[in-house]
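A.B. asks:
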Amino acid sequence: MNYNDILSKKAQDIKPSGIRKFFDIAAGVPDIISLSVGEPDFKTPWAIRREAIRILEKGKTTYTGNSGLAPLRNAASEYFKRTIDTDYEPDTEVVVTVGGSEAIDIAIRALVNPGDEVIIPEPCFVSYSPIVELTGGIPRVAETRMKDSFKLNPDILKPLITPNTKALILNFPNNPTGAVMRRHELEAIAELLRGTDIIVISDEIYSELTYGVPHVSIAQLDGMRERTIVVNGFSKAFAMTGWRLGFVAAPEPIAEQILKIHQYAIMCSPTVSQYAAITALNDCIAEVREMAEEYDMRRRLVLKSLEEIGLDCFTPEGAFYVFPSIKQTGLTSQEFCTRLIKEKSVAVVPGDAFGECGEGYVRISYAYSIKHLTTAIKRIGEFLEEII
Ligand code: PMP
Numbered sequence: 002m003n004y005n006d007i008l009s010k011k012a013q014d015i016k017p018s019g020i021r022k023f024f025d026i027a028a029g030v031p032d033i034i035s036l037s038v039g040e041p042d043f044k045t046p047w048a049i050r051r052e053a054i055r056i057l058e059k060g061k062t063t064y065t066g067n068s069g070l071a072p073l074r075n076a077a078s079e080y081f082k083r084t085i086d087t088d089y090e091p092d093t094e095v096v097v098t099v100g101g102s103e104a105i106d107i108a109i110r111a112l113v114n115p116g117d118e119v120i121i122p123e124p125c126f127v128s129y130s131p132i133v134e135l136t137g138g139i140p141r142v143a144e145t146r147m148k149d150s151f152k153l154n155p156d157i158l159k160p161l162i163t164p165n166t167k168a169l170i171l172n173f174p175n176n177p178t179g180a181v182m183r184r185h186e187l188e189a190i191a192e193l194l195r196g197t198d199i200i201v202i203s204d205e206i207y208s209e210l211t212y213g214v215p216h217v218s219i220a221q222l223d224g225m226r227e228r229t230i231v232v233n234g235f236s237k238a239f240a241m242t243g244w245r246l247g248f249v250a251a252p253e254p255i256a257e258q259i260l261k262i263h264q265y266a267i268m269c270s271p272t273v274s275q276y277a278a279i280t281a282l283n284d285c286i287a288e289v290r291e292m293a294e295e296y297d298m299r300r301r302l303v304l305k306s307l308e309e310i311g312l313d314c315f316t317p318e319g320a321f322y323v324f325p326s327i328k329q330t331g332l333t334s335q336e337f338c339t340r341l342i343k344e345k346s347v348a349v350v351p352g353d354a355f356g357e358c359g360e361g362y363v364r365i366s367y368a369y370s371i372k373h374l375t376t377a378i379k380r381i382g383e384f385l386e387e388i389i
């Protein structure tokens with residue numbers, strides 16, 4: 002049987018994630034120190050785990066309504082009001098999803114017709130382009146640059162807008178660069194979009210992790226709520242990656258389509274996780290703050306250590322990644338990372354996994370203990386001394 006002839010052409014055309022590839026290589030190396038995974042090293046706060054245990058003991062293990070438990074949608078709506086000062090009707094404008102991942106998928110699928118263009122600032126999280134392609138859309142890359150602090154600006158965006166532009170994806174705080182866009186910078190983007198039919202998908206999964214700067218959503222700027230889909234989730238802020246829970250908020254006509262796709266693809270998000278997430282949103286903001294403070298401490302330590310070993314690095318203001326340039330080594334990102342694993346047993350992710358313009362950089366996650374980070378950066382320093 003020739004599977005190539007049978008399988009979906011679109012599925013075959015998309016590339017596997019470059020992060021997973023390195024993660025898998027690293028998994029086979031003994032005593033490897035990995036800084037490659039974008040996942041909190043904290044345990045989910047105890048109050049959330051305790052609530053999940055209680056719910057399991059009560060045997061609440063059936064489906065929920067498609068859009069999610071009402072108290073969770075209410076809590077999500079209050080959360081949006083509190084954090085981004087934007088009102089969403091819990092019954093018709095909020096859908097509880099299987100992580101931010103599903104929220105991104107169904108938001109794109111609700112919008113994109115074959116041939117529609119979606120503008121994606123890169124370097125960026127790995128899922129946006131493949132999902133746009135699977136939907137029949139055309140990703141249009143907006144290259145952000147270190148000299149612009151990896152932020153999107155009108156000069157980069159404007160030339161990419163065409164009559165076929167359906168959507169713009171924004172992800173600030175950003176994975177992999179850690180860039181955070183300020184209100185006036187988002188305002189300049191909004192200025193270009195008002196009066197058009199372009200919809201923004203704003204992936205704000207790292208919104209709780211900003212350091213000394215506020216998180217602002219483009220949805221909260223004048224005239225933008227009606228043209229924005231906000232994606233958020235529990236994985237990063239609440240250290241709940243394995244619970245697979247996120248949420249999406251959008252104006253009712255968009256949310257209605259999103260819900261239909263969710264209904265057929267997923268039915269409902271995991272029930273125990275949903276109950277536990279009510280506790281997360283209502284009672285665990287203090288724990289989120291504590292984890293954010295710890296990340297900030299690590300961020301400063303990592304930046305200082307990278308400076309000491311001579312790696313040029315943009316100062317990230319959010320998420321839990323640094324994205325240093327390795328151009329001075331003369332190696333490509335792939336070569337650098339492959340040799341670093343082989344020669345020093347340290348795994349970081351090549352920047353080109355996040356788009357071609359990530360070439361010349363590597364992503365280091367600092368969601369690891371100080372001890373782990375210090376040892377890994379010391380080894381990176383030794384590696385640099387040996388190769389430069
Ligand atoms: N968006 C971004 C920018 C991410 O980095 C991630 C996870 N790495 C996600 C969405 C998806 O997270 P989850 O599905 O666990 O909520």
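Just so we're aligned: the sequence shown equals residues 2 to 389 in the working numbering.
Cβ coordinates follow ideal geometry from the N, Cα and C atoms, glycine included.
Tell me, please, whether the segment 260-276 touches the segment 81-97 by the rule of three or more beta-carbon pairs shorter than 8 Å.
C.D. replies: With the cut-off at 8 Å, the segment 260-276 and the segment 81-97 touch.
A.B. asks: For TYR369, which residues in the same chain have their Cβ closer than 7 Å to its Cβ, ignoring the five residues on either side in sequence?
C.D. replies: Contacts found: LEU36 and ASP42.
A.B. asks: Evaluate ASP204 with the Cβ neighbour count: other Cβ atoms within 10 Å of its Cβ, from every protein chain shown; 16 or more gives buried, anything less gives exposed.
C.D. replies: The residue in question, ASP204, is buried, as its Cβ has 16 or more Cβ neighbours within 10 Å.
A.B. asks: Quick one: what's got a C-beta closer than 7 Å to GLY361's C-beta in the same chain, skipping five residues either side?
C.D. replies: Closer than 7 Å at Cβ, skipping near neighbours: SER326, ILE327, LYS328, SER334 and GLY352.
A.B. asks: Quick check: does the Cβ of ASP204 come within less than 7 Å of any heavy atom belonging to the ligand PMP?
C.D. replies: Checking the Cβ of ASP204 against the ligand PMP gives yes.
A.B. asks: Report whether the distance from the Cβ of PHE43 to the nearest heavy atom of the ligand PMP is below 7 Å.
C.D. replies: Incorrect: PHE43 has no Cβ contact closer than 7 Å to the ligand PMP.
A.B. asks: Count the other C-beta atoms from every protein chain shown that fall within 10 angstroms of the C-beta of LYS11, then say buried if there are 16 or more, exposed otherwise.
C.D. replies: The residue in question, LYS11, is exposed, as its Cβ has fewer than 16 Cβ neighbours within 10 Å.
A.B. asks: The beta strand (DSSP E) with PRO317 in it runs from where to where?
C.D. replies: Unbroken run through PRO317: none, as it is neither H nor E.
A.B. asks: According to DSSP, is LEU36 helix, strand or coil?
C.D. replies: Reduced to three states, the DSSP call for LEU36 is coil.
A.B. asks: In three-state terms, what does DSSP make of SER102?
C.D. replies: SER102 falls in the helix class under three-state DSSP.
A.B. asks: What residue does the alpha helix (DSSP H) around ARG301 start on, and which one ends it?
C.D. replies: Run containing ARG301: 286-309, per the alpha helix (DSSP H) assignment.
A.B. asks: Less than 6 Å between C-beta atoms, sequence neighbours within five positions excluded: which residues of the same chain meet that for PRO115?
C.D. replies: Counting only Cβ-Cβ distances below 6 Å, and skipping sequence neighbours, we find GLY137.
A.B. asks: Could you tell me whether any non-hydrogen atom of the ligand PMP is closer than 7 Å to the CB of ASN114?
C.D. replies: False, no ligand heavy atom lies under 7 Å from that Cβ.
A.B. asks: I need the straight-line Cα distance from ALA76 to ALA180, nearest angstrom please.
C.D. replies: Going by the C-alpha atoms only, they are around 28 Å apart.
A.B. asks: Starting from GLY19, trace the alpha helix (DSSP H) in both directions and tell me its first and last residue.
C.D. replies: Its alpha helix (DSSP H) spans residues 19-28.
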